[in-house]
Every structure is written in structure tokens, then in C-alpha cells.
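Chemist:
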Amino acid sequence: MSATDYAVRPVPQITAHEVTKPRETKKWVDWVTTTDHKKIGIMYMVTTFVFFILGGVEALLMRVQLGVPNNTLISAEHYNQLLTIHGTTMIFLFVVPIMAGFGNYFVPLMIGARDMAFPRLNALSYWLLLFGGIVFYFTLFFRPPEAGWWSYPPLSEALYSPSAGQDAWIFLIHITGISSLVGAINFYATIVNMRAPGMSWGRLPLFVWSILIYAVLLIVALPVVAAAVTMLLTDRHFGTHFFDPTNHGSPVLWQHLFWFFGHPEVYIMILPGFGIISEVIPVFSRKPIFGYKAIAAATSVIAFLAVLVWAHHMFASPVPVVVLGFFMLSSFLIGVPTGVKIFNWIATLWRGSLVMTASLYYAVGFIAIFVIGGITGIFLAIFPVDWQLNDTYFVVAHFHYVLMGGAVFTIFAGIYYWFPKMTGRLLNERAGKVSFWIMFIGFNMTFFVQHALGLSGMPRRIYTYQPGLGWSTYNLISTIGSFILSAGILVTVINIAHSFKHGRIAGPDPWKANTLEWFTTSPPPVNNFDAIPRVRSVEPMRDIRRQVERSTGVTQKTGGSERFARV
Amino acid sequence: MLASLALAPGAFANFLTPKSGGSPNADSIAELYKLVLYIAAFVFLVVELTLLYSVYKFRAKKGAVAAQIHGNTRLEIGWTVAAGLILVVLTVITFIKLPSIINPPNSDPKGLVLSASTTEPSPPNGRKLTICVTGRQYIWRYTYGAACQQNPFTTKLPYSYQQMVAPANTTVVLVIQSTDVIHSWWIPSMGGKVDAVPGYTTYTWFQAPHAGALFHGQCAQLCGRNHAAMTAQVKVVTPAEYAAWIQQQTTAISAANQQVIQLRRVLRATGNL
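So the protein lines, in turn, are chains C and Y. Okay, so the first sequence: first residue is 22 according to this note's numbering, each after it adds one. Okay, so the second sequence: first residue is 7 according to this note's numbering, each after it adds one.
#1: Which residues mark the beginning and the end of the beta strand (DSSP E) in which Y:Tyr209 is found?
#2: So which residues of chain C does Y:Pro204 contact, with C-beta pairs closer than 8 Å?
#3: Buried or exposed for Y:Gln265, please, with buried defined as at least 16 other CB atoms from any protein chain shown within 10 angstroms of its CB.
#4: Considering only their Cβ atoms, is the gap separating C:Ile232 from C:Tyr438 smaller than 9 Å?
#5: Would you tell me roughly how many angstroms separate the C-alpha atoms of Y:Thr136 and Y:Gly117, rounded to the nearest one?
#6: Taking C-beta pairs closer than 7 Å, name the residues in chain Y that C:Val406 reaches, listed in chain order.
#7: Looking at the structure shown, is C:Trp171 part of a helix, part of a strand, or coil, going by DSSP?
#8: Just curious, the alpha helix (DSSP H) that C:Lys362 is in, first and last residue?
#9: Return the residue from the list Y:Pro127, Y:Thr176, Y:Gln183, Y:Asn131 that minimises the CA-CA distance to Y:Asp114.
#10: Interface residues of chain Y around C:Leu253 at Cβ under 9 Å?
#11: Pick helix, strand or coil for C:Tyr147, following the three-state DSSP scheme.
#12: Pop quiz: Y:Ala235 and Y:Tyr144 are said to be a contact at Cβ under 8 Å. What is the actual Cβ separation, rounded to whole angstroms?
#13: Quick one: using the 10 Å Cβ neighbour count with 16 as the cut-off for buried, is C:Tyr65 buried or exposed?
#14: C:Gly204 CB to nearest chain Y CB: under 9 Å?
#15: So which residues of chain C does Y:His216 contact, with C-beta pairs closer than 9 Å?
#16: So, helix, strand or coil for C:Ala247, using DSSP?
#17: If you measure from the beta carbon of C:Gly346 to each beta carbon in chain Y, is any gap under 9 Å?
#18: What separation, rounded to the nearest whole angstrom, lies between the Cα atoms of Y:Leu11 and C:Val273?
#19: Rounded to the nearest angstrom, what separates Y:Asn109 and Y:Lys199 at their Cα positions?
#20: Please list the segments of the alpha helix (DSSP H) lying wholly inside the stretch 255-310 of chain C, counting only runs of 4 or more residues, in order along the chain.
#21: Using 8 Å as the Cβ pair cut-off and three pairs as the minimum, do the stretch 463-476 of chain C and the stretch 409-421 of chain C touch?
#22: 9 Å is my cut-off, CB to CB: does C:Thr110 come that close to chain Y?
#23: If you follow the alpha helix (DSSP H) that C:Ser507 is part of, which residue opens it and which one closes it?
#24: According to DSSP, is Y:Lys241 helix, strand or coil?
#25: Is it the case that the Cβ atoms of C:Ile310 and C:Ile212 are separated by a distance below 9 Å?
#26: Does any CB atom of chain C fall closer than 9 Å to the CB of Y:Ala12?
#27: Work out the CA separation of C:Asn92 and Y:Gln74 for me, nearest whole Å.
#28: CB-CB under 6 Å to Y:Ala1, same chain, minus the five flanking residues each way: which ones, in chain order?
#29: Excluding the 5 residues preceding and the 5 following C:Thr261 in the sequence, name in chain order all residues of the same chain whose CB lies nearer than 6 Å to its CB.
#30: Going straight from the alpha carbon of Y:Thr124 to that of Y:Ala46, what length do you get?
#31: Taking the alpha carbon of C:Thr494 as the point to measure from, which residue in C:Gly62, C:Leu145, C:Ala144, C:Pro90 has its own alpha carbon closest?
#32: Please state whether DSSP places C:Pro129 in a helix, a strand or coil.
#33: Between which two residues does the beta strand (DSSP E) containing Y:Phe6 stretch?
#34: Taking the continuous alpha helix (DSSP H) assigned at Y:Val178, which residues delimit it?
#35: How about C:Ile388 and Y:Leu57: are their beta carbons less than 9 Å apart?
#36: For C:Ala589 and C:Pro285, which I take to be in contact (beta-carbon distance under 8 Å), what is that distance rounded to the nearest angstrom?
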């Protein structure tokens, strides 16, 4: 077959073939020994989703404890353990690695590659993540860490946190850090070297752009936190005094090192989500993405500025006012490219022909929520205002708007968009929309009032509070909201479990999408593609559809996405 | 239960604005916050309404064809500059408000009569009352008088725990330290929070406008298991009451010290120490 033959065949015709397995192996052996990026991607997503559920249960326990004043359900000790495990789980075991899961599955498919650059390294990065998580969760049977996910010394030093839980936390950072680091190098090598012919940087799908920048940020930020936790480990066990003020060490040094990693980490978590949104919105608007170059550039600018804003987490620490001013301005600046992205997404919706799928519901819900998180971020960047808001529930509300309403809603948009590709079956759209509305209402109920709690003077990380401080009503609303939110998530979990076996057959391209992952079967075969097309724009699938329409004169009905549009 | 909670007085206090009223710096922060809030509300409404409108208006309909627009450079530059301008405005108002937040003013003539000293943040005339705030797991200790800066524990100054007593109309400079882990000093109505970091000394100030007020706050940085119990109060009294309270506290402390010395002597003599 000639190089361009693929394009004149009707698209639903199979463009890739299953490679016969060399020998029969047991299914679980197949999963454990796999180096296939798709299987690894699925293992990433399933593992991280389990951690998401665990982290959610921890959050619910905390919300129950705070539902009424003077509650004695959970002791101070257990509450501190819960908040530490919740934060650590959601960041290191859920949001960051689930983005690696999406990246693993879809980056090679979207760039027309047959696997990642280093398949075995890829398997290593998954297994390190799993074992990092197990090391951390094993502390539940002993004594979990209780110094918070940022583990400020001296509280995290041996004198104040003698339990091995703190060491397990350090090992979690080390192990999942190596996992993310080798994963990041793998993504970088794959994206730089293995793109389909014709896929120049200006034709790289925006999700792949975001994973590229995600990888670069991980490579920049992770070594710093690895060094910091190693210093903490030697402080705890080998007699060094890096962070020990009684021996001329400095607790503020830890804060600088930790947040130099910690703030890029925020963008590591949200940028791939931005990438998912940049894929979902044009597909369901039936329109090209508005301002492709602006979005790709904004992603890079965000990454650059992300390493210059860390001290805005330290506005109440002993830091000179000039430094505070610098970090206020740099934090302001990072708002500009983020705003540009939001404007471009809305401009993409504008004058489109919106196919209101569950995935688009989550994408639009994400924008609505993220705008609030972005705006409260500006409040927190103004350091005199931050002196009032820092370390209160206002901050808790802010970062849940960004990470729960932001990252989690993008993840759900991604799940509803890509589930048919991964399993060959569609998720139930109606259940998806029900799940969205319950989550959206529950989310805002849980977290919007937390702004008010912070403004009323409630600090974060307290396990209980007295009545009569004006906090009780807000806390009760928030607790009720958290259960509504969980119910919404549960609907999607049931939807996934049910549709996996019983969903409607999706076909290769149910959404009339734009990128190359839809050019193969659902689920794709081990080798992904038989023929890799030459890429001529940001939307290669669309080009292929048009070419077929021109040569056959028949409007393409690809996989039946028509039933989602009221046409 | 919900209804009774909602109807309780002050159930929805501080829904949109931070606490203030206990000191000019807290008031300035609240004013700055409100200015930011107006701009934020405007941006919020414009973005969310545009989003809602586009989702409502451009749903797929029979015969509707999506406009194949790839972008618009002028629009891109336009909204980048607009976002930048908003931030310039925010920067300007922040730096206009900043001096009134970080620089303490002179004490009111009705305040405590003080002598001037030259160390640390000071009002223009240099006259201030210095109180050392020392955080430790899980209580705040206040040592009254400028000499506390050498060492809040060995000097023979009056001190108190958990509840600070401060004179009204007087510029009070707080010297904040910690003896163990990081704590954060915060009385919401009296200004922003300042971390108490072991090995460092940080400062803040307040000037309470009225005697008779009692302000609540608590440690804002996770400091261990009893973090939630590390509360603080500031009782604002008249300068005369303050002077009397200091006198009384000094006497009480030295009396207690005498008792301890007595007891120690007895215990030593009986061989129990």
C-alpha cells in the first residue's frame, strides 16, 4: 500500500491490526510484565483513582469531624495524620501520576508513535509509583506522619515527630519522585523524537504540549525537593542540623527549598488538565482551537514563571518586604498567561456548534470553577492581604478551586472523552451529566463557604473549634456539600464500572475528533498503527475525514457521534 | 438545627470581607481587600457571563455551522494587555496602601505615656510599647517591656499567658519569637499574621482604638497535636488600667516567686528535693 493510501479508505475501516501474541500467558502475568504504554497508562489511572478514593475518604472523615463545633469523633493526633495523608495522597499519588497515566496512554497515540521512547523505563516508573504509595500507606498500620504535606521543620524533625511515619513520608517523596523523574525524561524523549512525519512543533496537539511542559517542570523541580527531604532525613537520623535552629540551621531554608518545588508542582498538576481542556473544547465546539499558538506559548510562559513565584507561600515568614514585593509581582504575572488560556477557551466555544456531551459539561464546569480559583489567587498574591488570608480556610478554598475544581474536573472531562478509546465502549452520557451536576453543586457548596470561613478567622489544620465564633454554620454547609460531592463522584465510578462491560460500542472515532489517537481502533492494538499518516495541521483526523469526503463524495459518519448532536 | 444556626446572630459575618476594627493595619488590609474585591467581582462577572452566554447561545442546532476561526492576533494582544493593566492597577493600589499597613503611627495623645527607643519598627516619634510574644507548644507567652528583647524569660519583667493586656490608643510593637516549632501569631481584627519561627525574630504592631474590647485569635501554623488549642486573646484596657494591671501582675509574680523559693527551701530542708 502506498504512503497515502490510508486516506482514501472510509475511516471506520480498521487502520491497524492486532499483533498476534507470541505465546499464551496468564492475564495477570501479562499486566505485571507489560511494557505497553497503553497498559501502563491504564494501570497508572486505575492505581491513582484508587488513591483518589482513599484521599476522598480521608477528606470526608475530616469534614465529619469539623461538621459541628467541639466534636470529639476524631482525636487531634488522628486529625493531623488525616490531613497529612490526604494532602500527600492527592498530590503525590493522585493528580501528578494520573496526568502521567493520561500522558502514557495518549501521548504516543496522539503523536503517531508505537510506544514510549523507553518502554521498560516506563514500566519502572509505574512500579515505583505503586510501591511508593504502598510504603506510605503501610504507615496506617503503625503511626502515620502528622506534620502536614509540606512537613515544615522543626515540627518534622526527630525531636517533635519521632515516629517512623515521617520517614515513610520522606521515602514516598523519594520513590514517587524518581518515578515522576524517569517518567518525565521518557515523555520528553518521546515527544521530541517520535512524532509522526510532518508533525512540527506548530502541529503538536495541545495536550502533548502540556505534557512536554509538565515533563520539563518535573525535571526542574523534583531534584530540589529530593535534596530537601534528604537533608531532612539526615537531620532526623544522622546528626546534621540543616533545619535545626538550635544549631544554627534554618527552618526558613526548608520553606524555600520545599516551595521552589512546591509551586511548580501546582502547575505540574494543572497544566496537563489545561491540555485536556484544549483538546475537548475544540472537538465538541466543532471548531479549531482559538489561538493555538497563544495557548502553547502561554503554557511555556506559565512554566517559566512557575519557578519564580515560590515565596508567595511564605508571605508570613521572616522575609524582607522587597522580596515580598517581587513575589507579589511575579505571582501577578503568572495570572496573565493563565487568563489568556481561559479567554482562548471561551473564544473557542464562541460561535461554535456545541455538542453538549458529558465531557464538555466537565470542561465548561472546569472553566467556571477555575476562574474563581484564579481570582482568589490574585487576592493571595497581594502580600498585605495574604497576611490576613494565609493559612486560613480561604487558602483551603482557593487551592481546592484550583486543584479539585480545576484538575479533578479536567480529569473527569478526560475520562468521559477518552474512555471509549481505552475500552472500546462509551460511558453513559446521561449518568455523566447527572454526575457532573451533583459534583458541581456539591463542590461549590463544600468550598465556596470556606472562603467565608477563612475571612471569619478560621485557620486551617485545626481539628476542632469552639461554638460562637461564627464558623459553625459555614462548616456544617461545607460538610453537607462534601457528601453531595462524593455522591456525584460515586455516580461516575458506577458509570465506569457498568460501562466497562455494558457500554455502547464506541467505534474508532465516536466524537469526530481531531487528533491521531482516533485514527486507530478502540482500544488500539499493541502496535497502535499500521500506517502512520503524514500530518498537515493541528487536526490530522479532520484532514483525513475531509480527504475521504472529497474522494468518495459521502459525508463521513464516524462511529456515530451524530447522536450526541441535535442535528 | 440548620435554621437555628442560620438565624443565630453573626452566623454569616465576614462572608466577603476579612475581620478588622481592632487596629489601623487591619482596617487598611480590609480596605485594600475590598478594592481588590470590586475589581475581582467585575472580572468574575464578565468572564462567567460570557462563558454562560456562549454555552447557551451556541449549542448545536439544525443547520448551525461552527465558524472556522483559528484565532485573532489583535484580540490576543488586547486581552493580554487588559489583564496586564488590571494587574498594574492592583500593584499601584497595593503600594499606596502598604505604608499604612506596615508602618506603625504615633500613639494617640490619650494613650499610654511612653519614652522613645530606636530599635525595631517604630512610629515616627519613636514612642511605642514593646511586648514580646513567645510561641511554644501550645501556648503564647507575653512579656511586657522593651527589655524583653534580650531574653523574654530571664528578665524581671511582668508576663502573662494566653491573654494579652494592652492599652488603647497606644502603638504596641510586638516582638515575635518561638522556642520550639513554627507558630503563627494572628489576631484577625488586629492585623495580618506573622510567623513565629525559631531562630528568627519577627515584628508586627497594633493600635487598638477603644478600651473594653476583647479580640480573639489563634495560632495559624500547624504546630503539633494541640495546634487547635493554641488560642490567644487581646484585652484592650485604658492606659490607666494598663499601668495598674502591670503593677498588680508584677506584684503577683514576685509573690508567687517568693512562695516557690519558700517551698523549695522547705523541700530541701526535709530532703525531698
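Glycine included, every Cβ here is placed at the ideal spot set by N, Cα and C. Small disclaimer: the values here were computed from a predicted structure and weren't measured.
Modeler: Short version:
#1: Looking at the DSSP string, the run of the beta strand (DSSP E) that includes Y:Tyr209 is 208-212.
#2: Within chain C, the residues near Y:Pro204 are Pro175, Pro266, Thr267, Pro272.
#3: By the neighbour-count criterion, in which 16 or more other beta carbons inside 10 Å mark a residue as buried, Y:Gln265 falls on the exposed side.
#4: It is not a contact, given that the beta carbons lie outside the stated cut-off.
#5: The alpha-carbon atoms of Y:Thr136 and Y:Gly117 are separated by roughly 14 Å.
#6: Per Cβ cutoff of 7 Å: Ile35, Leu38, Tyr39, Val42.
#7: In the structure shown, C:Trp171 sits in coil (DSSP, three-state: anything other than H, G, I, E or B).
#8: Secondary structure note for C:Lys362: its alpha helix (DSSP H) is the uninterrupted segment 342-370.
#9: Of the listed residues, the one whose Cα sits closest to Y:Asp114 is Y:Thr176.
#10: Going along chain Y, no residue has its Cβ under 9 Å from C:Leu253, so there is no contact; the nearest lies around 14 Å.
#11: If DSSP states are grouped into helix, strand and coil, C:Tyr147 belongs with the helices.
#12: With 8 Å as the limit, Y:Ala235 and Y:Tyr144 qualify as a contact, their Cβ atoms being about 5 Å apart.
#13: Buried, by the Cβ-count rule.
#14: In terms of beta-carbon proximity, C:Gly204 stays away from the interface with chain Y, with every pair separated by 9 Å or more.
#15: Within chain C, no residue comes near Y:His216; the closest Cβ sits about 19 Å away, beyond 9 Å.
#16: Under the three-state reduction of DSSP, C:Ala247 is assigned to helix.
#17: Yes, C:Gly346 counts as interfacial toward chain Y.
#18: Here Y:Leu11 scores only 47 on pLDDT, less than 50, and its place in the model should not be relied on; the value that follows carries that caveat. Using only the alpha carbons, I get a separation of about 42 Å.
#19: Between the alpha carbons of Y:Asn109 and Y:Lys199 lies a gap of roughly 15 Å.
#20: Qualifying alpha helix (DSSP H) stretches, in chain order: 272-306.
#21: The stretch 463-476 of chain C, when compared against the stretch 409-421 of chain C, does touch it at the 8 Å Cβ threshold.
#22: By this cut-off, C:Thr110 is not an interface position.
#23: Residues 493-523.
#24: Assignment of Y:Lys241 by DSSP, reduced to helix, strand and coil, places it in the strand class.
#25: Going by C-beta atoms, C:Ile310 is not nearer than 9 Å to C:Ile212.
#26: Only weak support exists for where Y:Ala12 lies, its pLDDT of 46 falling under 50; the coordinates are left without a value.
#27: Distance between the alpha carbons of Y:Gln74 and C:Asn92 is about 58 Å.
#28: Lying outside 7 to 279, the shown extent of chain Y, residue 1 of chain Y is not represented and no answer is given.
#29: Excluding positions up to five away in sequence, the list reads Thr255.
#30: Residue placement at Y:Thr124 is poorly supported in this model, since its pLDDT is 48, which falls under 50; the coordinates are not used for a value here.
#31: Taking only the C-alpha atoms, the option nearest C:Thr494 is C:Pro90.
#32: Of the three classes helix, strand and coil, the one that applies to C:Pro129 here is helix, per DSSP.
#33: This structure cannot settle anything about residue 6 of chain Y, because the visible part of chain Y is limited to 7 through 279.
#34: Where Y:Val178 is concerned, there is no enclosing alpha helix (DSSP H), although the beta strand (DSSP E) it sits in stretches over 178-184.
#35: The Cβ-Cβ distance between C:Ile388 and Y:Leu57 falls below 9 Å.
#36: There is no way to answer for residue 589 of chain C, as the model of chain C reaches only from 22 to 588.
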